[in-house]
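Undergrad: Read in order, the letters of the sequence shown are residues 142 to 419 in the working numbering.
Glycine residues also receive a C-beta, built at the ideal position from the N, C-alpha and C atoms.
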Amino acid sequence: MEAPSPRVPHTDRADLRADCADCFGLCCVALPFARSADFAADKPAGTPCGNLGADFRCGIHARLRDSGYTGCTVFDCFGAGQKVSQVTFGGRDWRAEPDSAREMFAVFPVVRQLHELLRYAAEALDLPAARPVHRELRRRHDEIDALTRGDADALLALDVPALRAEVNVLLLRASELARAAVPGRRKDHRGADLMGARLRGAKLRGASLRGAYLIAADLSGADLREADLIGADLRDADLSGADLTGALFLTQPQLTAARGDGATRIPAALRRPGHWAA
Numbered sequence: 142m143e144a145p146s147p148r149v150p151h152t153d154r155a156d157l158r159a160d161c162a163d164c165f166g167l168c169c170v171a172l173p174f175a176r177s178a179d180f181a182a183d184k185p186a187g188t189p190c191g192n193l194g195a196d197f198r199c200g201i202h203a204r205l206r207d208s209g210y211t212g213c214t215v216f217d218c219f220g221a222g223q224k225v226s227q228v229t230f231g232g233r234d235w236r237a238e239p240d241s242a243r244e245m246f247a248v249f250p251v252v253r254q255l256h257e258l259l260r261y262a263a264e265a266l267d268l269p270a271a272r273p274v275h276r277e278l279r280r281r282h283d284e285i286d287a288l289t290r291g292d293a294d295a296l297l298a299l300d301v302p303a304l305r306a307e308v309n310v311l312l313l314r315a316s317e318l319a320r321a322a323v324p325g326r327r328k329d330h331r332g333a334d335l336m337g338a339r340l341r342g343a344k345l346r347g348a349s350l351r352g353a354y355l356i357a358a359d360l361s362g363a364d365l366r367e368a369d370l371i372g373a374d375l376r377d378a379d380l381s382g383a384d385l386t387g388a389l390f391l392t393q394p395q396l397t398a399a400r401g402d403g404a405t406r407i408p409a410a411l412r413r414p415g416h417w418a419a
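Have a look at this one:
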């Protein structure tokens, strides 16, 4: 009898990872940015970035940080770019068909939000402890996945905030179930203002840091195992030597926005940012 194929984790799905080769540079055109510490110039929404090439590739991708475009390095469309380019608009690009540009650029951020929800739902479906909500999560996941394949008019008519609120109830329950096994009292810092906080070596295992402001916080050596980090702002946070093993709903953009080193332990599904200290 043939052995069953190993189950591929939901979070390993290729359609939830950006594939710039199949995208028409949508993040470099549709979204606005302003001159700041994150961007070297101003760019209004719908205007191509000056670094975007004729092949829809970034001309300075290998040196974005050195060129003053740190903000680009911490952006992730979660696969929305190729979905809009190849599915919603059937491979018709905005340069060849300029009449489609405005609609394409409006659809992109909508699908990006839907794909972010799919990414969170996929992770929750990989949590064995969250099994009590898996059935409802899978139903909502499949509904949203189907929505991402709709036409432009249907996508622009969606009430995305309502969808996010509905899914967030399930994600919160999944988080509670997953963190329930953590021994001891679990700290609740949901939405807390911890900007610049001195949390070196803090015991935050299983804590809720949902939506917390951790900008430039010192989390070096902190125990963040199984902590819920959905929506937490980790820009310039020091994660040197911190343990984020099993951290819940941590995304690559959050990790890339922070500072870490070779001793920082991260979830297996994420990659160590190239700018971190060795």
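Classify residue 297 as buried or exposed, calling it buried when 16 or more other Cβ atoms lie within 10 Å of its own Cβ.
TA: Answer is exposed; the Cβ neighbour count stays below 16.
Undergrad: Please list, in chain order, all residues of the same chain as residue 230 whose beta carbon is under 7 angstroms from its beta carbon, the five residues on each side excluded.
TA: Answer for residue 230: 241 and 245, listed in chain order.
Undergrad: Starting from residue 277 and walking both ways along the alpha helix (DSSP H), at which residues does that stretch end?
TA: Residues 275-288.
Undergrad: What three-state label does DSSP hand residue 354 in the structure shown?
TA: Residue 354 falls in the strand class under three-state DSSP.
Undergrad: Taking 8 angstroms as the threshold, find out whether the segment 268-283 comes into contact with the segment 304-317 through three or more Cβ pairs.
TA: Result yes; three or more Cβ-Cβ pairs closer than 8 angstroms.
Undergrad: What's the call for residue 432, buried or exposed, on a 16-neighbour Cβ count within 10 Å?
TA: Not covered by the structure: residue 432. The range shown for the chain is 142 to 419.
Undergrad: Are the beta-carbon atoms belonging to residue 103 and residue 284 less than 9 angstroms from one another?
TA: In the structure as shown, the chain starts at 142 and stops at 419, and residue 103 therefore has no counterpart that could be examined.
Undergrad: According to DSSP, residue 199 sits in a beta bridge with which residue or residues?
TA: Bridge partners of residue 199: 193.
Undergrad: Three-state secondary structure (DSSP) at residue 472?
TA: Because the chain is modelled from 142 through 419, residue 472 falls outside the range shown and cannot be assessed.
Undergrad: Do residue 353 and residue 377 have their C-beta atoms closer together than 9 angstroms?
TA: Not in contact: residue 353 and residue 377 (Cβ atoms no closer than 9 angstroms).
Undergrad: Within the same chain, show all residues whose beta-carbon is closer than 7 angstroms to that of residue 293, passing over the 5 residues directly before and after it, in chain order.
TA: 229, 244 and 248, listed in sequence order.
Undergrad: Please state if the CB of residue 266 and the CB of residue 256 are separated by a distance shorter than 9 angstroms.
TA: No.
Undergrad: When the Cα atoms are used, what is the spatial distance from residue 168 to residue 220?
TA: The alpha-carbon atoms of residue 168 and residue 220 are separated by roughly 11 angstroms.
Undergrad: Whose C-alpha, out of 401, 212, 201 and 227, is nearest the C-alpha of residue 179?
TA: Per the Cα distances, 212.
Undergrad: Check the DSSP bridge columns for residue 349 and list the partner residues they point to.
TA: Bridge partners of residue 349: 329 and 369.
Undergrad: CA-CA distance, residue 149 and residue 335?
TA: Bear in mind that the predicted position of residue 149 carries a pLDDT of just 46, short of 50, making it unreliable; the figure below should be weighed with that in mind. Going from the Cα of residue 149 to the Cα of residue 335 covers about 36 angstroms.
Undergrad: Counting only the same chain and skipping the five closest in sequence on each side, list residues whose C-beta sits under 7 angstroms from that of residue 199.
TA: For residue 199, where only same-chain residues beyond five positions count, the Cβ hits under 7 angstroms are 169, 192 and 193.
Undergrad: Reducing DSSP to helix, strand and coil, say where residue 473 ends up.
TA: This structure gives no information on residue 473, because the portion of the chain shown stretches from 142 to 419.
Undergrad: So for residue 267, helix, strand or coil by DSSP?
TA: Correct three-state label for residue 267: coil.
Undergrad: Rounded C-beta distance between residue 364 and residue 344? I'm assuming under 8 angstroms.
TA: Yes, they are in contact, since the Cβ atoms of residue 364 and residue 344 sit about 5 angstroms apart, within 8 angstroms.
Undergrad: Buried or exposed for residue 145, going by 16 or more other Cβ atoms inside 10 Å?
TA: Its pLDDT being 35, under 50, residue 145 is placed unreliably in this model, and the value from its coordinates should be taken loosely. So residue 145 ends up on the exposed side.
Undergrad: DSSP three-state call for residue 396: helix, strand or coil?
TA: In this structure, residue 396 counts as helix in the three-state DSSP scheme.
Undergrad: What is the DSSP secondary structure of residue 184, counted as helix, strand or coil?
TA: The answer is strand: DSSP assigns residue 184 an E or B state.
Undergrad: Where does residue 272 land, buried or exposed, given buried means 16+ other C-beta within 10 angstroms?
TA: By the 10 Å Cβ count, residue 272 comes out exposed.
Undergrad: In chain order, what residues of the same chain lie with their CB nearer than 8 angstroms to the CB of residue 251, ignoring the 5 residues before and after it?
TA: So the list reads 296, 297, 299 and 301, once near-sequence residues are dropped.
Undergrad: Kindly indicate which residue of 331, 202, 166 and 369 has the alpha-carbon position closest to the one of residue 264.
TA: The option with the nearest alpha carbon to residue 264 is 369.
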